[in-house]
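Numbering (full-length UniProt numbering), first residue to last: 1 to 366.
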């Protein structure tokens with residue numbers, strides 16, 4: 001199953017995000033179940049101690065007014081003090097009643113064993129802002145650790161999934177492709193795997209072409225030796241003057257001609273193979289006179305074909321002011337290949353018509 005790197009990254013980032021959120025939630029739960037609950041218990045004990053002390057002090061007061069005067073300094077925006085009758089009804093209240101996280105502590109004002117009043121304190125533990133501030137202070141290191149871990153995990157994942165295999169492939173590219181060993185391997189099912197597979201396929205093709213070229217060169221070298229040896233042998237005999245028989249001399253000349261044709265055929269095959277395998281050879285464009293260029297390319301064939309029952313008719317309609325931008329060597333090889341095939345496979349008598357005309361800024365050859 002093919003899975004792209006984009007898909008893997010999306011899944012990885014989603015997992016990291018869920019892990020981050022889950023860790024934050026766990027830290028919140030731990031905070032409220034432990035630290036915050038412990039703080040609430042401490043605050044409840046604190047308020048209970050306060051209300052007990054105030055009840056003890058108020059027990060010495062003579063009347064309600066004096067008790068109110070005693071309690072007034074302790075009331076504030078975080079703590080509400082209420083004076084109750086024996087039935088629990090509020091007689092007097094001072095201070096702001098907390099709206100969240102209300103902590104209530106109660107005691108009784110007792111004088112000489114008689115319950116005179118009830119005393120209740122409604123206190124507030126922490127505001128929402130204070131709760132989150134305390135959480136941040138206690139667990140900020142967890143948040144920072146999470147961000148750091150997330151960054152390191154992303155960097156590690158990118159290194160393993162992209163950087164490392166690309167660097168390994170780059171190092172392979174620096175080596176000689178003809179000397180590389182391609183080992184069977186399981187490619188990854190993503191873009192990196194496709195890149196590695198295509199690179200190995202390219203190396204395999206290059207090595208195959210190189211082996212074919214080596215085999216072809218060895219075969220051509222072997223095939224060239226035989227006709228060259230014959231040509232050298234017959235040429236030495238003719239040049240030595242030892243062969244006086246005209247028929248024998250003519251036979252030697254015919255053998256030399258046939259062997260020369262064999263060599264020409266081998267060279268043509270070699271050139272054809274070079275044209276196929278050398279597709280990326282650099283091109284040397286030059287601006288030359290159009291009429292002079294085509295004349296220099298085609299005129300030799302009018303002379304070479306005199307003895308092979310073939311004729312080249314060359315008709316140029318371009319003036320001497322026109323120029324063309326060409327690679328002369330490539331065009332010569334191309335024309336030589338076309339003319340050679342015409343001689344080999346054309347019917348006799350062979351007539352090749354070449355017309356070169358000018359149309360606006362283009363030059364066409366037919």
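Note that beta-carbon positions come from the ideal geometry of N, C-alpha and C, so glycine has one too. Bear in mind the structure is a predicted one, so any value in this text is a computation, not a measurement.
Can you grab the Cα-Cα spacing for the pair residue i / residue j, in whole Å?
| i | j | result |
| --- | --- | --- |
| residue 82 | residue 27 | 38 Å |
| residue 111 | residue 104 | 23 Å |
| residue 47 | residue 90 | 19 Å |
| residue 12 | residue 162 | 14 Å |
| residue 18 | residue 150 | 11 Å |
| residue 338 | residue 160 | 55 Å |
| residue 244 | residue 251 | 12 Å |
| residue 217 | residue 270 | 8 Å |
| residue 44 | residue 85 | 23 Å |
| residue 384 | residue 165 | There is no way to answer for residue 384, as the model of the chain reaches only from 1 to 366. |
| residue 7 | residue 155 | 17 Å |
| residue 351 | residue 313 | 7 Å |
| residue 239 | residue 309 | 30 Å |
| residue 170 | residue 194 | 15 Å |
What would DSSP say about residue i, mapped onto helix, strand or coil?
| i | result |
| --- | --- |
| residue 189 | coil |
| residue 183 | coil |
| residue 249 | helix |
| residue 286 | strand |
| residue 82 | strand |
| residue 315 | strand |
| residue 204 | helix |
| residue 333 | helix |
| residue 341 | helix |
| residue 11 | helix |
| residue 364 | In this prediction, residue 364 has a pLDDT of 49, which is less than 50 and means its spatial position is unreliable; what the coordinates show is noted afterwards. Residue state, collapsed to three classes: strand. |
| residue 89 | coil |
| residue 243 | coil |
| residue 222 | helix |
| residue 214 | helix |
| residue 353 | strand |
Quick test of your reading: residue i and residue j, contact by CB under 8 Å. State the CB separation rounded to the nearest angstrom.
| i | j | result |
| --- | --- | --- |
| residue 123 | residue 88 | With 8 Å as the limit, residue 123 and residue 88 do not qualify as a contact, their Cβ atoms being about 19 Å apart. |
| residue 354 | residue 331 | About 13 Å; that fails the 8 Å criterion. |
| residue 259 | residue 231 | 5 Å |
| residue 79 | residue 121 | 6 Å |
| residue 23 | residue 146 | 6 Å |
Are the beta-carbon atoms belonging to residue i and residue j less than 7 Å from one another?
| i | j | result |
| --- | --- | --- |
| residue 356 | residue 318 | yes |
| residue 262 | residue 300 | no |
| residue 210 | residue 182 | no |
| residue 289 | residue 323 | yes |
| residue 224 | residue 266 | yes |
| residue 109 | residue 55 | yes |
| residue 187 | residue 174 | no |
| residue 284 | residue 5 | no |
Look up residue i in the DSSP assignment and give the residues it is bridged to.
| i | result |
| --- | --- |
| residue 324 | 288 |
| residue 106 | 120 |
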